[in-house]
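Student: Position 99 of the sequence shown, counting from 1, maps to 99 under full-length UniProt numbering, and the rest follow consecutively.
Think of the CB as a built atom: it goes at the ideal place given N, C-alpha and C, for glycine as much as any other residue.
Supplied in structure tokens, the structure appears directly below.
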Amino acid sequence: MVKNPELQLFTDAVERWDVNAVNSLPDYMKLCFLALYNTVNDTAYAILKEKGHNNLPYLIKSWSDLCKAFLQEAKWSNNKIIPAFKDYLDNASVSSSGVSLLAPCYFLVSQDITDQALHSLSHFHGLVRSSCAIFRLCNDLATSAAELERGETTNSITSYMSEKGTNEEGARKELGKLIDEEWKKINRERVLDGTFPKTFMEVAMNMARVSHCTYQYGDGLWQTLRHRRVQNQDATYRPHSN
1 MVKNPELQLF TDAVERWDVN AVNSLPDYMK LCFLALYNTV NDTAYAILKE KGHNNLPYLI
61 KSWSDLCKAF LQEAKWSNNK IIPAFKDYLD NASVSSSGVS LLAPCYFLVS QDITDQALHS
121 LSHFHGLVRS SCAIFRLCND LATSAAELER GETTNSITSY MSEKGTNEEG ARKELGKLID
181 EEWKKINRER VLDGTFPKTF MEVAMNMARV SHCTYQYGDG LWQTLRHRRV QNQDATYRPH
241 SN
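Set out below in structure tokens:
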């Protein structure tokens with residue numbers, strides 16, 4: 001198990017975004033940090049060439065926030081703490097990694113990059129938050145049983161059960177309702193909010209849609225080959241009727 005002090009070192013290195021920070025890391029973390037550092041810088045450079053916008057600070061912030069959220073989850077898990085449901089979901093929506101995926105997408109698909117949109121992206125705008133919350137909740141509903149077997153005690157189901165005094169079945173039903181509510185928020189944002197261009201709104205919505213597909217039969221990594229084949233065939237060869 002990775003220890004919290006080492007995770008703190010990695011988080012600090014990402015926040016500093018200085019290649020020399022690698023010297024402060026344990027050997028097994030150095031390659032990971034350098035891979036992240038080079039990949040994000042290369043992505044920012046490609047976007048700068050294409051769009052003419054210095055996007056690196058926003059990409060760095062998305063990864064720094066992600067590492068901080070991972071660190072918080074590690075502290076909860078290592079100390080066997082079950083946080084309040086709101087505290088968990090606020091943090092878990094970030095640790096879903098959705099923002100780190102969406103941040104470069106905004107720069108790539110947007111014709112006009114505005115200060116208002118950048119501020120909303122950096123401060124977890126409603127559209128972004130709802131999409132990330134769906135991402136996390138779909139993941140937790142599919143993976144919680146396996147996580148508990150591995151000794152990981154922190155997820156949305158355990159937090160909800162602890163706070164509301166309900167059983168697992170009841171918690172799952174309520175989280176399903178919460179996913180529906182987040183979709184309603186996304187649809188309202190799509191109709192009423194003009195902060196983001198439609199191209200980016202579609203990207204954010206598609207991330208939420210893909211979450212349902214990815215975690216339909218399990219954790220998205222170890223689901224059976226048969227299920228994966230069926231999904232691919234449905235998506236590629238079988239048209240949906242109107």
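#1: How would you call R136, buried or exposed, if buried means at least 16 neighbouring beta carbons within 10 angstroms?
#2: I'd like to check one pair, S156 with L127: are the Cβ atoms closer than 7 Å?
#3: Our contact map puts A74 next to L7 with C-beta atoms below 8 Å; I'd like the distance itself, whole angstroms only.
#4: Measure the C-alpha to C-alpha separation of E147 and T153 and round it to an integer number of angstroms.
#5: DSSP three-state call for F135: helix, strand or coil?
#6: Assign V14 to one of two classes, buried (16 or more other C-beta atoms within 10 Å of its C-beta) or exposed (fewer than that).
#7: C32 and S93 - do their beta-carbons sit closer together than 7 Å?
#8: For residue 243 and D87, I'd like the C-alpha separation in whole angstroms.
#9: Rounding to the nearest angstrom, what Cα-Cα distance links A44 and P26 in this structure?
#10: Roughly how many angstroms separate the alpha carbons of T114 and S162, rounded to a whole number?
#11: Determine, using beta carbons only, whether L101 comes closer than 7 Å to chain C.
#12: Determine, using beta-carbon pairs with one atom in the segment 164–181 and one in the segment 98–106, whether at least three such pairs fall under 8 Å.
Tutor: Let's see:
#1: Within 10 angstroms of the beta-carbon of R136 lie 16 or more other beta-carbons, which makes it buried.
#2: No; because the gap between Cβ atoms is not below 7 Å, this pair is not in contact.
#3: For A74 against L7, the beta-carbon gap comes to about 5 Å, under 8 Å, which counts as contact.
#4: C-alpha separation (whole angstroms): 7 Å.
#5: F135 falls in the helix class under three-state DSSP.
#6: Label assigned to V14: buried.
#7: Not a contact, by the Cβ cut-off of 7 Å.
#8: Because the chain is modelled from 1 through 242, residue 243 falls outside the range shown and cannot be assessed.
#9: Straight-line spacing of the CA atoms in A44 and P26 works out to 27 Å.
#10: So the two alpha carbons sit approximately 42 Å from each other.
#11: Among the chains in the structure shown there is no chain C, since it carries only a single protein chain.
#12: Cβ pair count under 8 Å is below three, so no.
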